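Residue numbers 1 to 623, in the UniProt record's numbering, belong to the letters of the sequence shown in order.
The structure appears below as C-alpha cells.
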Amino acid sequence: MSQGTVKVGETEDEEDQINGNEQDGFTNHSFSRDGEVIGRSRNGDLDFHPTLSSTDHQLHKDDGWRLQWSRFKGMFVKKVLISWRHRVISIVQLLLPVLFTIFALLIDVTSSFNTSNKELSFDLSPFGSTRIPVCNGSNPSGITELAAQQYMNQFSNSQRFDMASFNGSSYNNFSEYIVNRANDLTLTIYKKEMIVGALFETSAATGINATAYYNSQPYHALPISVSLLLNGLARTFFGASYSISTSMLPFPKDLESEAKSQNSMDSTQGFMVGFCISFGMSFLTSSFVYFLVGSKHLQVVSGVSPTMFWLATLVWDYINYLLVCFAMLIVFAAFQTTAYVADDRLGLVLLVLLVYGLAILPSSMSSATCIVTTILVWILTVFVSDAKSASAAFEWIFLIFFPNYSLTKSFMDIYSNYGALTFCNKLQYTTMCPNPKVPQHPCCKAYGKCPPGACRDFSENFLAWESPGAGRFIFFLLLQGLFFMTLTLAKDYNLFQRLAAYVKQACTRRSNADVFDLSMEYTNGSPMSSSDDLGEDSDVARERQRINNSSQHELAKTDSLLTQESVQGSSVHKTSRFTAVNHVCVGVPENECFGLLGQNGAGKTTTFKMLTGDVPCPVARPG
C-alpha cells in the first residue's frame, strides 16, 4: 500500500502533463442498466459490457503453493522497488567491496617483498641530483688539480659541484667551508643533497693526500664516498679509461632464517588482502539492513508468513551480493595475483565468497564487530608468541560465531599456503624430506624433521580441514548460515516466547485461575471481579460476561477475533508502573469491522499490538 501510494505521487505530474500541456480530467460516462455496464465514449457511441455479477465466471482464491508464490513475488517486487528508489545507495554499497578489493591487491603488488639478496652498487644513483663539495687544498699543485678534475669527471651532468678555494677566503679549512655551506642551503637541503665530498691536498712524502667526506644520514654514504674517491685516484694515475666499481653482496640467509622471514611476509600480506576484502564486505552486508521493509509486521499480519518474507529478502539481497562477487572475480583476474588465480584457485575464491554471503546475510552484523574480531586474533597469533593457546581458543570461538573472521582467515590462509608451498617446492621437499641424511628442515613438518619456530605449514589441498586449508572455514560458514536463518525464523514464529511460557507453566504448575491472579501486578494489587468494581458500561459488562461464560468451542463459532482478560503493564519510570490495557474482553464476528475509541493513553495502540502479536500478553487468553 505504501509503495503504491508513493509511486502514484511520483508519476502523477508526468501522467497529467504531456509536452507541457495540462490534460483534461477524466470523466466516467458509464452507467448501469439491467446487469450491464453501458460505457459512453467521447464520440457519443455506447458500448454494452456485462457486469461482473452477471457473468457465469466465479472468483477463485489462490491457495497452497500458488498463494505462497503470489506472496513471495509481491514481497520480492517490493524489495526491488525499494532498492530502485534508493539506487544511489544501492550503487555505492555494491561498489565499496570492489574498491576495497582493488585497494587490497594494489597493496599486495606494491609492497611485495623480495627476500633474495641483491647486489648493491656504491654510487649516487639512489640519491638523484646532489651537490658535491670538492677542494684541491690551500696550496694547490698540478697533481691536486688533476685529481680534483678527474674526481669530478666521473659523475654525470645531473650532479652539481661546489669548488672550495681557501686563497683569500674566510674559511680556514674544508670542514669549516662545509658547515657554512650547510647554513646557506638550510639543514633540510644539506641532508638531502650533500652526500659525499673530497679534499685533495699536496703532500711532501707522497705527493698527494686525499680525504673522503660523507654525510652520516644515509646508511651507505661512507662506502660510496670512499669508492668514488678511489675511482678518481685511479683515473688520475692510470688514465680516464680505468675505473673501479665497488658493490656489496650480503651473505645468503640460512634456511631457518629464510623460512621465518618468508612465513612472516606471507602472513602479513595475506592478512592485508583478507582484511581489506573483509572490510569492504562488512560495509556491504551491514548496509542491507537499510533496505529491510519497515512494514514487516503489517505484512505478517496480512498473511505473509515469516518464511516467505525472509525468503524474498534473502533472494534479492543475494542477487545483489552475487553481482559484487562476480565483479570481485574480474578484479582478481585482472591483477593476476598468483596466490588466488593460479591452478584454478579463482573457483576457490568464488566458493568462499558464495558461502560467506549465505552466512552473513541472515545475521548482518555491524562492520565494527566483524573487523575487531579479525584484528584481535591476528595480533594474538602473529605478535604475541606466548599466547598461542589463547589465540587458538579465540579462533574457535570466532570461527563458530563470526562469519567475517572466516572470510578473512580464508583469504589469509590461501595466500600463506601458496607462499609456503612455492617455497618448499623450490627446495624439492618431496625428495629431500624422506632422505635420512637430512636432520631438520622447515618444509619437513609432516616427517617430524621441522626445527622449532621455523616450520612452514602448507597443504597441497587448499580445501583441507587443517590449517592452512580453507575447508573448516567453508564448513563453518555453511553452518552459520543455517544457524542464523533458523534463529531468525524461530524469533519471528515466537518459538522462544512459546518455549518460555511453556517452561514457566511447567515450573509453576498453577491452575488457569492462578495465572489470572498474576494480573494483580498490573492492577495495583486490586484483582477485577465484577463490573461494579470497574464502573464499566452495561454493554461492556455484557460482552465480558458473554465471553467469560462461554466455552472456547462456542466462541470459535461466533467470533473470528477474540481477546479475553487481556492485561498489559507499561513502565514510565523504573520504580512505577501503570496499566495500559486493563482486562479487555471483546469478540468480533466474521466480516465485521471494529475500532477502539478512547482518549490519549487509554491503551488503543497497545491493544492493537496485542491483537496482532506485536506485543506479548502477560495475562490473556487471545484467540
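Each residue gets a CB set at the ideal place from its N, CA and C atoms; glycine is no exception.
Source: prediction; values computed, not measured.
Handout entry: 7 Å Cβ shell around asparagine 320 - same chain, five flanking residues per side excluded
Key = Your numbering for residue 320 matches position 320 in the sequence shown. These residues qualify, in order along the chain: Leu94.
Handout entry: Beta-carbon gap between leucine 361 and leucine 329 smaller than 8 Å
Key = As a position in the sequence shown, residue 361 is number 361, starting the count at 1. As a position in the sequence shown, residue 329 is number 329, starting the count at 1. With respect to the 8 Å criterion, leucine 361 and leucine 329 are not classified as neighbours on the basis of their beta carbons.
Handout entry: Between the CA atoms of glutamate 145 and phenylalanine 200 - distance to the nearest angstrom
Key = Indexing the sequence shown from 1 puts residue 200 at position 200. Indexing the sequence shown from 1 puts residue 145 at position 145. Looking at the two C-alpha atoms, the distance is approximately 8 Å.
Problem - tryptophan 84 versus isoleucine 91 - alpha carbon distance - result: Taking the sequence shown and counting its residues from 1, the one referred to as residue 84 is at position 84. Taking the sequence shown and counting its residues from 1, the one referred to as residue 91 is at position 91. Near 10 Å, if we compare the C-alpha coordinates of isoleucine 91 and tryptophan 84.
Practice task
Could you name the residues of the same chain whose beta carbon sits closer than 8 Å to that of valine 331, not counting the 5 residues immediately before and after it, in chain order?
Solution key: By 1-based counting over the sequence shown, the position of residue 331 is 331. Val98, Thr101, Ile102, Leu105, listed in sequence order.
Exercise for the section: Check whether the stretch 179 to 190 touches the stretch 122 to 129, taking contact to mean three or more Cβ pairs, one atom from each stretch, closer than 8 Å. Expected result: No, they do not touch.
Practice task
Reducing DSSP to helix, strand and coil, say where alanine 620 ends up.
Solution key: Start at 1 with the first residue of the sequence shown, and residue 620 comes out as number 620. Interpretation of alanine 620 is limited by its pLDDT of 46, a score under 50 that renders its predicted location unreliable; the figure taken from the coordinates is listed afterwards. If DSSP states are grouped into helix, strand and coil, alanine 620 belongs with coil.
Handout entry: Contiguous alpha helix (DSSP H) assignments of at least 4 residues, all confined to the stretch 404 to 432
Key = 429 to 432, all fully within the stretch 404 to 432.
Problem - Closest Cα partner of aspartate 469 within the set Asn417, Thr236, Ile400, Phe423 - result: Here residue 469 corresponds to residue number 469 of the sequence shown, with the count starting at 1. Note that residue 469 is glycine in the sequence shown here, rather than aspartate. Ranked by how close their Cα comes to the Cα of glycine 469, the residues Asn417, Thr236, Ile400, Phe423 have Asn417 in first place.
Practice task
Write down the C-beta distance between tyrosine 447 and proline 434 rounded to the nearest angstrom, noting that I regard them as a contact closer than 8 Å.
Solution key: Position 447 of the sequence shown, counting from 1, holds the residue named residue 447. Position 434 of the sequence shown, counting from 1, holds the residue named residue 434. Right, the Cβ-Cβ distance comes to about 7 Å (below 8 Å), so this counts as a contact.
Practice task
With a floor of 4 residues, list each alpha helix (DSSP H) that falls wholly inside the UniProt domain "ABC transporter" (582 to 615), ordered by position along the chain.
Solution key: As far as the UniProt domain "ABC transporter" (582 to 615) is concerned, its whole alpha helix (DSSP H) runs of at least 4 residues are 604 to 612.
Handout entry: Limits of the beta strand (DSSP E) - the one that isoleucine 132 falls within
Key = Your numbering for residue 132 matches position 132 in the sequence shown. Residues 131 to 135.
Practice task
Please classify methionine 265: does DSSP put it in a helix, a strand, or coil?
Solution key: Your numbering for residue 265 matches position 265 in the sequence shown. In the structure shown, the three-state DSSP call for methionine 265 is helix.
Practice task
Go to valine 88, then tell me how far its alpha helix (DSSP H) extends in each direction, as first and last residue.
Solution key: Within the sequence shown, the letter at position 88 stands for residue 88. 87 to 110 is the span of the alpha helix (DSSP H), which, as asked, contains valine 88.
Practice task
Can you tell me the Cβ-Cβ gap for alanine 240 and asparagine 153, rounded? I've got them flagged as a contact below 8 Å.
Solution key: For the purposes of this step, residue 240 is taken as the residue at position 240 of the sequence shown. For the purposes of this step, residue 153 is taken as the residue at position 153 of the sequence shown. Contact between alanine 240 and asparagine 153 holds, since their C-beta atoms are separated by about 7 Å, short of 8 Å.
Problem - Helix, strand or coil at residue 632 [DSSP, three-state] - result: Only positions 1 to 623 of the chain appear in this structure, which leaves residue 632 out of reach.
Problem - leucine 489 to histidine 553 span [Cα, whole Å] - result: The residue you call residue 489 lines up with position 489 of the sequence shown. The residue you call residue 553 lines up with position 553 of the sequence shown. Taking the straight line joining both Cα atoms gives about 31 Å.
Handout entry: Three-state secondary structure assigned by DSSP to aspartate 457
Key = Residue mapping note: residue 457 aligns to position 457 of the sequence shown, counting from 1. Collapsing the DSSP output to three states places aspartate 457 in coil.
Practice task
Check glutamate 193 in the structure and name its three-state DSSP category.
Solution key: If you number the sequence shown from 1, residue 193 lands on position 193. Here glutamate 193 sits in helix by DSSP.
Handout entry: Chain-order list of residues whose beta-carbon lies under 6 Å from that of serine 225 (same chain, five-residue window excluded)
Key = The residue labelled residue 225 in the question sits at position 225 within the sequence shown. Val196, Ala212, Tyr214.
Exercise for the section: Starting from asparagine 548, trace the beta strand (DSSP E) both ways and give me its first and last residue. Expected result: Residue numbering aside, residue 548 sits at position 548 when the sequence shown is read from its first letter. Boundaries around asparagine 548 are those of the alpha helix (DSSP H), 538 to 548, since no beta strand (DSSP E) includes it.
Practice task
To the nearest angstrom, report how far apart lysine 409 and serine 286 are at their CA atoms.
Solution key: As a position in the sequence shown, residue 409 is number 409, starting the count at 1. As a position in the sequence shown, residue 286 is number 286, starting the count at 1. If you take the alpha carbons of lysine 409 and serine 286, they lie about 20 Å apart.
Problem - Same chain, Cβ closer than 7 Å to valine 588, neighbours up to 5 away in sequence not counted - result: As a first step, residue 588 is located in the sequence shown; it is residue number 588 there, counting from the start. For valine 588, where only same-chain residues beyond five positions count, the Cβ hits under 7 Å are Asp559, Ser560, Leu561, Phe594.
Problem - Residue interval of the alpha helix (DSSP H) (run including asparagine 320) - result: Position 320 of the sequence shown, counted from the start, is the residue given in the question as residue 320. For asparagine 320, the uninterrupted alpha helix (DSSP H) segment begins and ends at 306 to 335.
Problem - Close Cβ partners of threonine 575 (< 7 Å) along its chain, the five nearest in sequence each way excluded - result: Numbered from its first residue, the sequence shown carries residue 575 at position 575. Low confidence applies to threonine 575: its pLDDT is 49, below 50, so where it sits in the model is not reliable, and the reading given next is rough at best. Here threonine 575 has no same chain residue with a Cβ atom under 7 Å from its own Cβ, once five neighbours each way along the sequence are excluded.
Exercise for the section: Taking valine 304 as the reference, give the member of Phe411, Phe608, Tyr171, Asp492 with the closest Cα. Expected result: One-based indexing of the sequence shown puts residue 304 at position 304. Nearest neighbour of valine 304 by Cα position, chosen from Phe411, Phe608, Tyr171, Asp492, turns out to be Asp492.
Exercise for the section: For my contact list, tyrosine 151 and glycine 274 are in at a C-beta cut-off of 8 Å; report their separation, rounded to the angstrom. Expected result: Indexing the sequence shown from 1 puts residue 151 at position 151. Indexing the sequence shown from 1 puts residue 274 at position 274. Not a contact, Cβ separation roughly 53 Å.
Handout entry: Residue from Glu466, Leu81, Met163 with nearest C-alpha to asparagine 136
Key = The sequence position of residue 136 within the sequence shown is 136, counting from 1. Comparing Cα-Cα distances from asparagine 136 to each of Glu466, Leu81, Met163, the minimum goes to Met163.
Problem - Test item: CB-CB of isoleucine 107 and cysteine 276 under 8 Å - result: By one-based count along the sequence shown, residue 107 stands at place 107. By one-based count along the sequence shown, residue 276 stands at place 276. Cβ distance < 8 Å, so isoleucine 107 and cysteine 276 count as in contact.
Exercise for the section: State the Cα-Cα distance for the pair leucine 407 and alanine 359, rounded to the nearest angstrom. Expected result: In the sequence shown, the residue the question calls residue 407 occupies position 407. In the sequence shown, the residue the question calls residue 359 occupies position 359. Straight-line Cα distance between these residues: approximately 10 Å.
Exercise for the section: Specify, as a first and last residue, the run of the beta strand (DSSP E) that threonine 211 falls within. Expected result: Walking along the sequence shown from the start, residue 211 turns up at place 211. In the DSSP assignment, threonine 211 falls within the unbroken beta strand (DSSP E) covering 209 to 214.
Problem - Environment of serine 278 [buried if 16+ CB atoms lie within 10 Å] - result: The sequence position of residue 278 within the sequence shown is 278, counting from 1. Residue burial annotation: serine 278 is buried, with at least 16 other C-beta atoms found within 10 angstroms of its C-beta.
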